[in-house]
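Engineer: Going by numbering that gives the first Met the number 0, the first residue of the sequence shown is number 0, and it counts up by one from there.
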Amino acid sequence: MLDGKKTLFSGMQATGNLTLGNYFGALNNWLTLNEEYQCFYCVVDLHSITIRQDPAELRKRARALLTLYIAAGLEPVKNCIYYQSHVSEHAELCWILNCFTYMGELNRMTQFKDKAAKHSDNINAGLFTYPVLMAADILLFQSDVVPVGADQKQHLEIARDIAERFNSIYGDVFTVPQPYIGKVGAKIMSLQDPAKKMSKSDENANASIFLTDNPDTVIRKFKRAVTDSDNQILYSEDKPGIKNLIDIYSSATNKTVEEVVKEFDGKGYGDFKLAVGEAVASILKPIQNKVEELNKDKAYIDGIIKDNAEKAGYFASKTLHKVQKKIGLPERIR
Ligand code: TRP
Numbered sequence: 000m001l002d003g004k005k006t007l008f009s010g011m012q013a014t015g016n017l018t019l020g021n022y023f024g025a026l027n028n029w030l031t032l033n034e035e036y037q038c039f040y041c042v043v044d045l046h047s048i049t050i051r052q053d054p055a056e057l058r059k060r061a062r063a064l065l066t067l068y069i070a071a072g073l074e075p076v077k078n079c080i081y082y083q084s085h086v087s088e089h090a091e092l093c094w095i096l097n098c099f100t101y102m103g104e105l106n107r108m109t110q111f112k113d114k115a116a117k118h119s120d121n122i123n124a125g126l127f128t129y130p131v132l133m134a135a136d137i138l139l140f141q142s143d144v145v146p147v148g149a150d151q152k153q154h155l156e157i158a159r160d161i162a163e164r165f166n167s168i169y170g171d172v173f174t175v176p177q178p179y180i181g182k183v184g185a186k187i188m189s190l191q192d193p194a195k196k197m198s199k200s201d202e203n204a205n206a207s208i209f210l211t212d213n214p215d216t217v218i219r220k221f222k223r224a225v226t227d228s229d230n231q232i233l234y235s236e237d238k239p240g241i242k243n244l245i246d247i248y249s250s251a252t253n254k255t256v257e258e259v260v261k262e263f264d265g266k267g268y269g270d271f272k273l274a275v276g277e278a279v280a281s282i283l284k285p286i287q288n289k290v291e292e293l294n295k296d297k298a299y300i301d302g303i304i305k306d307n308a309e310k311a312g313y314f315a316s317k318t319l320h321k322v323q324k325k326i327g328l329p330e331r332i333r
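1. Spatial neighbours of valine 131 within its chain, please: CB distance less than 6 Å, with the 5 preceding and 5 following residues excluded, ordered by chain position.
2. Per the DSSP calculation, leucine 1 is bridged to which residue(s)?
3. Give the straight-line distance between the Cα atoms of tyrosine 169 and isoleucine 326, rounded to the nearest whole angstrom.
4. Between phenylalanine 209 and threonine 18, how many whole angstroms is the CB-CB distance? I'm expecting something under 8 Å.
5. Let me know if serine 241 comes out buried or exposed under the rule of 16 or more other beta-carbons within 10 Å of its beta-carbon.
6. Spatial neighbours of serine 189 within its chain, please: CB distance less than 6 Å, with the 5 preceding and 5 following residues excluded, ordered by chain position.
7. Can you check which of these residues, Leu126, Gln83, Gln287, is closest to glutamate 309 by C-alpha distance?
8. Could you pull the start and end residues of the beta strand (DSSP E) that glutamine 83 belongs to?
9. Taking only beta-carbon atoms, is valine 43 less than 8 Å away from chain B?
10. Are the CB atoms of tyrosine 179 and histidine 46 nearer to each other than 8 Å?
11. What does the alpha-carbon distance come out to for the pair glutamate 291 and lysine 59?
12. Which residue's Cα is closest to the Cα of methionine 133: Ile122, Ile218, Val147?
13. Does any heavy atom of the ligand TRP sit closer than 7 Å to the C-beta of isoleucine 137?
14. If you measure from the CB of histidine 46, is any heavy atom of the ligand NAP nearer than 7 Å?
15. Per DSSP, what are the beta-bridge partners of phenylalanine 209 in this structure?
16. What separation, rounded to the nearest whole angstrom, lies between the Cα atoms of methionine 102 and isoleucine 161?
17. Any idea what DSSP makes of glutamine 177, helix, strand or coil?
18. Since tyrosine 40 contacts serine 9 with CB under 8 Å, what's their CB separation in whole angstroms?
19. Tell me the DSSP bridge mates of cysteine 41?
20. Going by the beta-carbon positions, is the gap between asparagine 28 and lysine 182 smaller than 8 Å?
21. Assign tyrosine 268 to one of three DSSP states: helix, strand, or coil.
22. With a threshold of 16 other CB atoms inside 10 Å of the CB of asparagine 243, please say whether the residue is buried or exposed.
23. So is the beta-carbon of methionine 11 under 7 Å away from any non-hydrogen atom of the ligand TRP?
24. Cβ of asparagine 294 within 8 Å of Cβ of threonine 66?
25. Pick out the complete alpha helix (DSSP H) segments inside the region 137 to 200, 4 residues or longer, and give them in chain order.
26. Which residues in the same chain have their Cβ closer than 8 Å to the Cβ of lysine 321, if we skip the five residues on either side of it in sequence?
27. Hey, is glutamine 151 close to the ligand TRP, as in C-beta under 7 Å from one of its heavy atoms?
28. Does DSSP classify tyrosine 36 as helix, strand or coil?
29. Buried or exposed: glycine 302, going by 16 or more other Cβ atoms within 10 Å of its Cβ?
30. Near histidine 154, which residues of its chain fall below 6 Å by C-beta distance, leaving aside the five closest residues on each side in sequence?
31. Report all residues from its chain with a CB closer than 7 Å to the CB of asparagine 123; omit the five preceding and five following residues, and keep chain order.
32. Quick one: measure Cβ to Cβ for lysine 186 and glycine 24, integer angstroms, because I've assumed they're closer than 8 Å.
33. Classify isoleucine 245 as helix, strand or coil using the three-state DSSP reduction.
34. Measuring alpha carbon to alpha carbon, tell me which of Leu64, Pro54, Gln52 ends up nearest valine 340.
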């Protein structure tokens, strides 16, 4: 709780391009959350360096992500969109929380095991303590709710454990965060394998629609989407390819599944795929135009970056100072 409003915190990695899945599953549902919550959306660049990054590329991607969030409609005055590395309290609190986290707990993290297997030449200590930095992100802002996907549930759980452990020793210092359960968008699946989630790291570029894809690319990818040999627009678990396209069309047009099925009654897959492609392209185009416009105004984005880092820093330093005092570090005079 900050300033009388509940706090919502989310962090996002600047690796890989955002997909339509990220848009309908997350971003698009966040646009009005600031009415109810004090919202923080942090570009977690310190997390990114747990995997080796090309410096110029990392900087470019981080800025592109921040710009995309704004272009997609997250208003930067109402939502604090900022870089983790600009608010040094994240790293400072992470160190302290490292001293309240057990090796055994971190050893159990499935994402650590997966990433360690994938990057066996660089199993660094940062990769191991990644969940502690994430806990610091969340706890710094006394966050009440955190929107997370299934893959991050375990990390949120450890953040809660750390908060509870700390509170049991020092009193009520941290708000114990809950997963955000709100309006969830449709789960968007791969266009090439509808059994898999659409992913920004899919090796097959035709499997995912990126928010940066131009209209021709979008339409081409939908034309090639895997369906079945039937030719009827029916919403059924036995037809996962068509079901996914119906979900996408329904999200893009705000029509219900029933309305969509009715609209395409008697029509074939070709017509339907084209309609889905056009509907998605017409959602993405204004976002892309806005990105282009924002990219021309460097000073505006720089101003947001600075103001929001200051705003985040204000709240973060309050929590950090409280923690430092509780654990017996000398009182801060600067
Ligand atoms: N680990 C998250 C992911 O990869 C990103 C993240 C970092 C995050 N800090 C966070 C998400 C705090 C929510 C809250 O998706």
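Even glycine gets a Cβ: it sits at the ideal position worked out from N, Cα and C. Every value quoted in this text rests on a predicted model; they were computed, and no experiment measured them.
Structural biologist: The short version:
1. If you ignore the 5 residues before and after valine 131, its C-beta comes within less than 6 Å of the C-beta of Cys93, Leu96, Asn97, Thr100, all in its own chain and listed in chain order.
2. DSSP output for leucine 1 lists Lys4 as bridge partner(s).
3. Isoleucine 326 has its alpha-carbon roughly 8 Å from the corresponding atom of tyrosine 169.
4. About 6 Å separates the Cβ atoms of phenylalanine 209 and threonine 18, confirming a contact at the 8 Å cut-off.
5. The sequence shown places isoleucine at residue 241, not serine. Taking a 10 Å sphere around the C-beta of isoleucine 241, we find 16 or more other C-beta atoms and assign the residue as buried.
6. Counting only Cβ-Cβ distances below 6 Å, and skipping sequence neighbours, we find Lys195, Met197, Ala206.
7. Comparing Cα-Cα distances from glutamate 309 to each of Leu126, Gln83, Gln287, the minimum goes to Gln83.
8. Per DSSP, glutamine 83 belongs to no beta strand (DSSP E) and is neither H nor E.
9. Protein chain content of the structure displayed is limited to a single chain, and chain B is not contained in it.
10. Against a cut-off of 8 Å, the Cβ pair of histidine 46 and tyrosine 179 comes out as no contact.
11. The alpha-carbon atoms of glutamate 291 and lysine 59 are separated by roughly 14 Å.
12. It is Val147 whose Cα lies nearest to the Cα of methionine 133.
13. Judged by the Cβ position, isoleucine 137 qualifies as a neighbour of the ligand TRP at the 7 Å threshold, a heavy atom of the ligand being closer than this.
14. Because the ligand NAP does not appear in the structure shown, any question about it cannot be addressed here, the ligands present being the ligand TRP.
15. Note: phenylalanine 209 sits in a beta bridge opposite Thr18.
16. Between methionine 102 and isoleucine 161, the C-alpha separation is close to 13 Å.
17. Glutamine 177: strand per DSSP, three-state reduction.
18. 5 Å between Cβ atoms; contact.
19. Beta-bridge pairing by DSSP links cysteine 41 to Gly10, Tyr81.
20. Taking 8 Å as the Cβ cut-off, asparagine 28 and lysine 182 qualify as a contacting pair.
21. In the structure shown, tyrosine 268 sits in a helix (DSSP, three-state: H, G or I).
22. Under this definition asparagine 243 is a buried residue.
23. With a threshold of 7 Å, the Cβ atom of methionine 11 counts as near the ligand TRP, since some heavy atom of the ligand is closer than that.
24. Yes, the pair counts as a contact, with Cβ atoms nearer than the cut-off.
25. Those alpha helix (DSSP H) runs which fall completely within the region 137 to 200 and span 4+ residues are 152 to 169.
26. Within its own chain, the residues whose Cβ lies closer than 8 Å to the Cβ of lysine 321, once the five positions on either side in sequence are excluded, are Val172, listed in chain order.
27. Glutamine 151: yes, Cβ under 7 Å from the ligand TRP.
28. If DSSP states are grouped into helix, strand and coil, tyrosine 36 belongs with the strands.
29. By the neighbour-count rule (16 or more Cβ atoms within 10 Å), glycine 302 is not buried but exposed.
30. Excluding sequence neighbours, histidine 154 sits near Pro130, Met133.
31. Counting only Cβ-Cβ distances below 7 Å, and skipping sequence neighbours, we find Thr49.
32. Going by Cβ atoms, the distance from lysine 186 to glycine 24 rounds to 6 Å, so yes, they are a contact pair.
33. DSSP places isoleucine 245 in the helix class (H, G or I) of the three-state scheme.
34. Residue 340 lies beyond the stretch modelled for the chain, which goes from 0 to 333, so this question has no answer here.
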